[in-house]
Amino acid sequence: MARYGFTKVLPAPVSTFAANMCGALAIGLAYGFVEQVGGALSDVLYPLAIVGFAGGLSTWSTLAKELGEMLKEKRYWKCIQYLFFTLALGIVLAWRGAMWAPIIYQNF
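In this note's numbering, the protein residues as written are 17 to 124.
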């Protein structure tokens, strides 16, 4: 539903980029929260939160399709930029999410 919402308000590839960035942040937050909870509960929460919700939110198959279209249209520079910013910002947001999760967990 969340990913579908992005496609309704933003044009491609911006909608894909936004969904993937939210997914990266969600993965980082989920990882950080699961690390805070620990124990047997984390064995259930980890796949549910990270693989289920955050994995479903991100759209890596759509990213691959869009990159393929850019290559086919010989828009090489745009393809490189799109891939670079998706990976770089995605890593930063996942890391920030993992760093913010303990702070959020301790304050709520």
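Cβ atoms here follow ideal geometry from the backbone N, Cα and C, with glycine treated the same way.
Using a Cβ-Cβ cut-off of 7 Å (strictly less than) and excluding sequence neighbours within five positions of T78, which residues of its own chain qualify? T32
Nearest candidate by alpha-carbon position, reference I43, set L103, A114, Y20: A114
If I follow the unbroken alpha helix (DSSP H) through P118, where does it start and stop? 92 to 123
How long is the line joining the alpha carbons of P63 and L26, rounded to whole angstroms? 29 Å
Beta-carbon proximity check, G72 vs R19, cutoff 9 Å: yes
Given that a residue counts as buried once 16 or more other Cβ atoms are within 10 Å of its Cβ, and exposed if not, what is Y92? exposed
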